[in-house]
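Novice: Note that the protein sequences, when read in sequence, are chains E and D.
Be aware that the first sequence starts at 1, since it is given in our numbering, and climbs by one per residue.
Be aware that the second sequence starts at 1, since it is given in our numbering, and climbs by one per residue.
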Amino acid sequence: MQNFFRKGNITALREMALRLVADRVDKQVRLYMQQKRIPGPWKSGLHLLAVIGPSPQSATLIRWAKNLSYTMGASLLTLYVEPLAKLSESQKDQLGKNINLAKQLGADYLTTSGPDVVRAILNVAHKENITHIIIGKPRQWNLIAFLSLGNFLNRLIRHSGNIDVYVLGSDRTQRNDFFKYISIPSFTSHLSQYFLSAATIGLTAAVCYPFAHVIGYQVVSFILLFVVSILATFMGIGPILLASTLSATVWNYLFIPPKFTLDVARTEDILMLGMFFFIALLNGILTSKVRRQERLTRDREERTNSLYRLTRALSQASGLKEVWEVAVKAIKKHFSLDTAFILQNGNNVLTNTLRPVPIFDFTENDFSVAAWSFRHDKKAGKFTDTLPSSALTFYPLPGTRIKLGVIVIKQSKSLRGDEEIFWETFLTQISNAIERELLDDMANKSLILEESDKLYKTLFNSVSHELRIPVTTIMGAADTLMYSKHTAQTQTSLYKEIYTASERLNRLIENLLNISRLESGRITPHLDWCDVHDLVNKVTDGLKQELLLFKLDVVIPTDMPLVMLDFGLIEQVLHNLVFNATQYAPAGTVIRIKMYYDNQSFVLQVTDRGTGFPENALPFIFNKFFRVEGTKAGGTGLGLSIVKGFVEAHNGKVKAENRENGGARITVVIPSPKSEMSEITQ
Amino acid sequence: MMETEHSILIIDDEVQIRRLLEITLSASSYKIFEAVTGNEGIISAASYSPSLILLDLGLPDADGAEILKKLREWYNKPIIILSVRNAEDDIVHALDNGANDYLTKPFRSGELLARIRSALRLTTTPGNESLLTFGTLIIDLAKHTVKKNDETIKLTSTEFSLLALLAKNAGKVLTHQFILKEVWGQHYIGQTQYLRVFVAQLRKKLEENLTHPTFIITESGIGYRFGN
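#1: State the DSSP-derived secondary structure class of A656 (chain E), mapped to helix, strand or coil.
#2: Measure the alpha-carbon distance for W372 (chain E) versus D366 (chain E) and round it to whole angstroms.
#3: With a threshold of 6 angstroms on Cβ separation, who are the neighbours of I666 (chain E) within its own chain once the five nearest residues in sequence on each side are excluded?
#4: With a threshold of 8 angstroms between beta-carbons, can S26 (chain D) be considered close to chain E, or not?
#5: Any contact between the stretch 87-99 of chain E and the stretch 58-67 of chain E? By contact I mean 3 or more CB pairs, one from each, below 8 angstroms.
#6: Classify R507 (chain E) as buried or exposed, calling it buried when 16 or more other Cβ atoms lie within 10 Å of its own Cβ.
#7: What's the call for H187 (chain D), buried or exposed, on a 16-neighbour Cβ count within 10 Å?
#8: Less than 7 angstroms between C-beta atoms, sequence neighbours within five positions excluded: which residues of the same chain meet that for L101 (chain E)?
#9: Could you work out which residues of chain E lie near L210 (chain D), taking near to mean beta carbons separated by less than 9 angstroms?
#10: Whose Cβ in chain E lies nearer than 8 angstroms to the Cβ of S109 (chain D)?
#11: When Cβ atoms are compared, which residues of the stretch 557-568 of chain E fall closer than 7 angstroms to chain D?
#12: Roughly how many angstroms separate the alpha carbons of T123 (chain D) and A170 (chain D), rounded to a whole number?
#13: Mind checking the stretch 579-612 of chain E against chain D and listing, in chain order, the residues whose C-beta falls within less than 9 angstroms of any C-beta there?
#14: List in chain order: all unbroken beta strand (DSSP E) runs of 3+ residues lying wholly within the stretch 391-466 of chain E.
#15: With I133 (chain E) and L168 (chain E) assumed to form a contact (beta carbons below 8 angstroms), what rounded beta-carbon distance in angstroms separates them?
#16: Under three-state DSSP, which class holds S29 (chain D)?
#17: Just to confirm, is the Cβ distance from K403 (chain E) to T393 (chain E) under 8 angstroms?
#18: What does a CB cutoff of less than 8 angstroms around T582 (chain E) pick up in its chain, not counting 5 residues either side in sequence?
#19: Three or more C-beta pairs under 8 angstroms: does that hold for the stretch 418-437 of chain E against the stretch 306-315 of chain E?
#20: In angstroms with no decimal places, state the Cα-to-Cα distance between V264 (chain E) and Q293 (chain E).
#21: Closest by CA to M560 (chain E), which one among E:E571, E:D531 and E:G568?
#22: Indicate whether at least one CB of chain E lies closer than 8 angstroms to the CB of P78 (chain D).
#23: Got a sec, what are the start and stop residues for the alpha helix (DSSP H) K332 (chain E) sits in?
#24: Return helix, strand or coil for P671 (chain E), following the three-state DSSP convention.
#25: Span of the beta strand (DSSP E) holding G223 (chain D)?
#26: Between which residues of its own chain and I421 (chain E) is the CB-CB distance below 8 angstroms, once the five residues before and five after are set aside?
#27: Starting from A50 (chain E), trace the beta strand (DSSP E) both ways and give me its first and last residue.
#28: Any Cβ of chain E within less than 8 angstroms of the Cβ of T218 (chain D)?
#29: Mind checking whether the beta-carbon of R108 (chain D) lies closer than 7 angstroms to any heavy atom of the ligand ADP?
#30: Excluding five sequence neighbours on each side, which residues of the same chain lie with their C-beta closer than 8 angstroms to the C-beta of R172 (chain E)?
#31: Put E34 (chain D) into one of helix, strand or coil per three-state DSSP.
#32: Are the C-beta atoms of G221 (chain D) and some chain E residue less than 8 angstroms apart?
#33: What are the uninterrupted segments assigned as beta strand (DSSP E) that are 3 or more residues long and contained completely in the stretch 46-108 of chain E, given in chain order?
#34: For N176 (chain E), does the count of other Cβ atoms within 10 angstroms reach 16, so buried, or fall short, so exposed?
#35: Are the beta-carbon atoms of I79 (chain D) and L68 (chain D) separated by less than 8 angstroms?
#36: So which residues of chain D does T540 (chain E) contact, with C-beta pairs closer than 7 angstroms?
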């Protein structure tokens, strides 16, 4: 510790601290600029922009820019401007490597495109508040560049305004590769195109030939030029070159006097031929350039579209399952790749289940690769630097707040530079959706926990009260009986109290057992034919004491059929309903049990002449532990929720309502077949 | 009040239940033996040969149903099962495996004594009497006639077989499947609607008050018992 606080260390620490502060302030500035739409740059901090390309030189450039940014304490952004020309495979490879290098070095990465490279670079630079642009000396000299570009660097410097431009010299040793980088137009067009262009020129010439003496051979040149221009709109550069050359030759051979020779007699014809050839060529090349640009735009648009479609589909998906399905479908469509997800289990540990379907042969090893990728937040597996022997590739899903898991893909060739960028954009969208669902799930889980905690508290409060009262009664009565002498009458009433208290306890235990059976979802009704009279008999027998004070009215039609029920469960239902009626209706009133069979269902109604339910309590009376406020002590608020649970276990419905002239009516409807009694008796 | 002293073996692991049963049953002049585990119960049953066994189905050392099976290999006197509620399947299984009756905890002492009395009586009076009398109801098994308040009640032959089966086992619970097998035959096991319909018909002919039957009593989810 003594040695730590040396001057050097302190200075270094101070620098680090200041840099952190600067970073933070800088972010705020940029945010502010974006919010207020202030065009850059503000020289509030240093921001380097390294323009990279698909050459090994760019790697050197990136490293150099990184060093520079480090020494300057500046942020670094790398930019790739998509060229019009197609990249060769080796160039794509190199570009991918360059982009990866930039990311590894902690630089941000952007890609842009535009017909004018200078303008594209400067656009980005202004938007990102760039202060320094670092660029390599351009080496790709092709015809178009030569014709259109003028001096690329000069333009960049001229238009850069107050942005500093660094130009890095190219490596001498790589000079030898110069010719490799001359961009050669691709002659990859199909053979039929060459044939078609030749045939079209031939045909045009043949058609024009008989009229040549009427319209004049100069006009023929215009017709041929016209045809070449049309060809250029839908053909590759090779066939266009062929068409241009061929049309010049044909024109010369067939039309320019002297005919049928390649000689040209007049000087102005030589000039015309030269101009013809040049215009045909330029026309063709420029048109195909426009088409390439158009193709690029179309590609980008297609990507933007598919990204948009993905985003929309993901935002509509609800639940992890749907998100997976949408994602897998989109990836299959766009990348032609099979994918699966492995997500974390909520405790930052990867589960060992592939979602949505385990489409791959997945081994223990693959899981370790997945776990590695998850832990280190880096891609792993095939075509990566880590564990490339695996048959699958694993990409971590980048969550913003939590780690989500990994995505597994099976690819036969690795994703190229721009493809990978697009892939990662895709992944970000998918990850966002997964994160949303995962966090939702977690929130739900904690809600459930909270609910069960609430339930536990209610249970504790309500049940502990309900348990204590009878226990107190029993203890008190037994104590009195044991330790003092009483008249026979007092003794009898104490015994009765004990018995009543134990009945109450027993009822509570029954209810608790039933509710826990319901909660655990283990209720499967044992359906059997039941005589509903038996139900009434059993229940009224069990509640004989309670019913003594009431007029019981049982209404069952004489042709009541047998119904399919779980006798025990419906007995409990009826018991709870009748018991409730005895508790809340005034003594001497009528309690009616009505049963009938209607519309393929068994209907059971219990009505009383009590106070009914308060209107605002009606929606809640079947909830667990719900008790109407101001009702008399005793009761746990479980009875009706058990009724509902048991009835629903029969796929039935229960409804509570108030009667017109006071009192409550509970109706239970249970779908049930009816037995044909007459058939059996015969 | 007992002519011969009956002995009862209680097999239950709960000391409080054993104590309660001992007090209740001793007060009714039964001689009591106690066993805490199933295996101890089997040994006690073999050494004391009690007139009746009260067997708890939820024993710690062995499944009550297993103990019942072992006991039934040689013990032919009544066994009454003690069980908890909502265990209808276990009870039916035990009854089909030779238990004579059942009681669910918590039970009333009066109920327990009634079950014990009826189980003991059924063993002491083997069913060779042809005339069964239950209050105003007289069933003549030999002549296939039933009289109530001296009036003859017309029954179909199936109705009579059902009534006779229940009456011969008065006080004892008979499971649905047992009754179906005895009255209708092996093929009718599971066809409870027959049983329901015929019980309903019998009740209409026999009972005074259909909402409070006293002769044919329903045992929820288990079977029927003929009241006495």
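By construction, the Cβ of each residue, glycine as well, lies at the ideal position given by its N, Cα and C atoms.
Specialist: Concretely, from the data shown:
#1: strand
#2: 10 angstroms
#3: L577, V606 and A656
#4: no
#5: yes
#6: buried
#7: exposed
#8: A59 and I62
#9: H533 and N537
#10: Per Cβ cutoff of 8 angstroms: no residues; S109 (chain D) is ~11 angstroms from chain E at best.
#11: L562, F567 and G568
#12: 12 angstroms
#13: none
#14: 393-396 and 405-410
#15: Wrong, their Cβ atoms sit about 11 angstroms apart, outside the cutoff.
#16: coil
#17: no
#18: L543, E546, L547, L549, F550 and I591
#19: yes
#20: 39 angstroms
#21: E:D531
#22: no
#23: L320 to F335
#24: strand
#25: G223 to F226
#26: I99, Y109 and T111
#27: H47 to I52
#28: yes
#29: This structure does not include the ligand ADP; it has no bound ligands of any sort.
#30: Bear in mind that a pLDDT of 49 at R172 (chain E), under 50, signals an unreliable position, so the model cannot answer this.
#31: strand
#32: yes
#33: 47-52 and 75-82
#34: Note on N176 (chain E): pLDDT 44, under 50, position unreliable in the model; no value is reported.
#35: yes
#36: T211
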